[in-house]
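All residue numbers for the sequence shown refer to the numbering used here, where the first residue is 29 and numbers rise by one. Below: one structure, written as structure tokens.
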Amino acid sequence: MSSIAKRATSKNSGLLKRMWDAKILYLILLPGLIHLILFKLLPLFGLVIAFQDYSIFKGIMGSKWIGLEHFSKFMSDPYFWKLVRNTLLLAFFNLLFVFPIPIIFALFVNEVRLSAVKRFVQTLSFFPYFISSAVIVSILYKVLSPQGGLVNQMLNFAGFESVFFMADPGWFRPLYVMLNVWQLFGYSAIIYMAAMTSIDPHLYEAADIDGANRFKKIIHVTLPSISSTIVVMFILAIGQILTVDLDKILLMYNPSIYDTADVIQSYVYRQAFASDGFPNYSFGAAVGLMQSVIAFVLVMMANKVSKKYSESRLF
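Right, here's the structure in full:
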């Protein structure tokens with residue numbers, strides 16, 4: 029046996045020995061690995077229907093192969109650019125407000141000195157995350173109802189006419205973003221608060237000696253210390269930029285506000301799953317695949333920019 033073959037055999041046996049020594053850790057890993065393969069990786073093979081005229085009776089193997097026809101059909105639709113515009117605007121406003129508010133909230137909560145108050149505020153802010161979109165939108169309809177809704181009652185009391193918020197295209201984006209902020213800010217803030225617990229207390233003591241007040245300590249100590257977490261979360265948010273809360277949109281929108289509320293996912297839902305006749309699964313898969321590819325490219329670009337201009341990156 030050559031010396032190279034001997035070294036390879038020795039290396040493999042060493043790897044197997046280390047794996048056997050850490051067998052308990054690999055056993056703990058096993059359920060997660062099985063879940064990843066069964067529910068995340070294997071379903072990817074189903075994306076092949078995006079290139080087929082899929083029929084549930086013929087199955088993947090028997091359905092006709094049509095290549096990029098569904099992609100071409102979607103991109104040549106005259107409604108396509110309006111959907112892209114609505115999706116991007118909604119994603120932009122979502123990123124503009126939903127992303128920074130949890131950071132600001134976490135910074136303020138971190139400054140609370142009484143631990144009981146701190147825990148109470150954290151728990152209270154986390155609560156909306158567990159409320160379903162259906163309940164939240166129902167509450168919104170009641171509060172904004174033109175007949176007896178709290179907001180319209182206040183407008184009437186101030187001498188203004190009632191506003192039918194849920195049928196006005198101009199109000200859809202602010203209401204959607206407001207609901208997302210209310211539902212997610214407490215949940216997202218936990219990640220930043222967890223990052224703040226790892227900040228070295230000596231940095232704050234040094235800032236005290238330098239005469240820094242609380243605001244300066246936030247700017248010069250807390251924020252730089254959690255900057256890597258913020259960058260990673262921002263890159264992940266970029267990856268979700270084309271993803272909207274479809275449940276919330278389907279519950280909130282109606283034909284009178286399609287002009288601003290109709291996004292790619294809701295359009296696909298109507299065309300692929302809610303149209304008359306048989307559902308067009310292939311069309312929905314094609315649009316979903318195209319959206320995922322764009323999101324992947326955006327994540328890679330954001331990661332590359334982050335790698336170039338800062339020390340933080342996702343991978």
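For glycine and all other residues, C-beta sits at the position ideal for the given N, C-alpha and C.
- Here the alpha carbon of Val327 sits roughly 49 Å from the alpha carbon of Gly187.
- Just measuring C-alpha positions, the residue of Gln175, Asp49, Ile52, Asn138 sitting nearest Thr250 is Asn138.
- Separation of the CB atoms of Ser310 and His98 is rounded to 6 Å, and the pair is thereby assigned contact status at 8 Å.
- With 16 or more other Cβ atoms from the protein chains shown falling within 10 Å of its own Cβ, Ser294 counts as buried.
- Beta-bridge analysis with DSSP links Lys68 to no other residue.
- Under the criterion of beta carbons closer than 8 Å, Gln211 and Ile164 qualify as touching, at roughly 6 Å.
- Rounded to whole angstroms, Leu172 and Lys244 show a C-alpha spacing of 41 Å.
- Cβ neighbours of Leu178 within its own chain (closer than 7 Å, five residues either side excluded): Val171.
- Cβ contact annotation for Ser41 (same chain, cutoff 8 Å, sequence separation greater than five): none.
- Remark: fewer than three beta-carbon pairs, one from each stretch, lie closer than 8 Å, so the stretch 256–266 and the stretch 312–322 are not flagged as touching.
- Beta-bridge partners assigned by DSSP to Trp93: Gln80.
- For Trp199, same chain residues with a beta-carbon under 6 Å away, outside a window of 5 residues either side, are Phe193 in chain order.
- The criterion of a C-beta distance shorter than 8 Å is satisfied by Ser91 and Asp81.
- Exclusion of the five residues before and after Phe213 leaves Ile129, Pro130, Phe133 as the residues of its chain whose Cβ lies within less than 6 Å of its Cβ.
- Annotation for Asp287: the continuous alpha helix (DSSP H) segment containing it runs 286–289.
- Taking all protein chains shown into account, Phe120 has fewer than 16 neighbouring C-beta atoms within 10 Å of its C-beta and is therefore exposed.
- Asp290 places its beta carbon less than 8 Å from that of Tyr281.
- For Arg113, the closest of Asp287, Val315, Leu72, Leu207 by C-alpha to C-alpha distance is Asp287.
- The closest CA to that of Arg141, considering only Lys336, Phe262, Arg242, is found on Arg242.
- Pairing Ser226 with Gly95, the inter-Cα distance amounts to about 51 Å.
- The alpha carbon of Arg147 has as its nearest neighbour, out of Ile65, Met221, Asn180, the alpha carbon of Met221.
- Going by beta carbons, Asp275 and Ser190 fall outside the 8 Å limit.
- The C-beta distance from Leu135 to Ile246 rounds to 6 Å, short enough to fall under 8 Å.
- A distance below 6 Å between beta-carbons, with the five flanking residues on each side excluded, links Ala223 to the following residues of its chain, in chain order: Ile254, Thr257.
- The straight-line gap separating the alpha-carbon atoms of Phe154 and Ala265 is approximately 19 Å.
- Its chain contains Gly312, Val315 as the residues whose beta carbon lies nearer than 6 Å to that of Val296, once the 5 sequence neighbours on both sides are disregarded; these appear in chain order.
- Residue ranges of uninterrupted beta strand (DSSP E) with 3 or more members are absent from the stretch 299–338; none lies entirely inside it.
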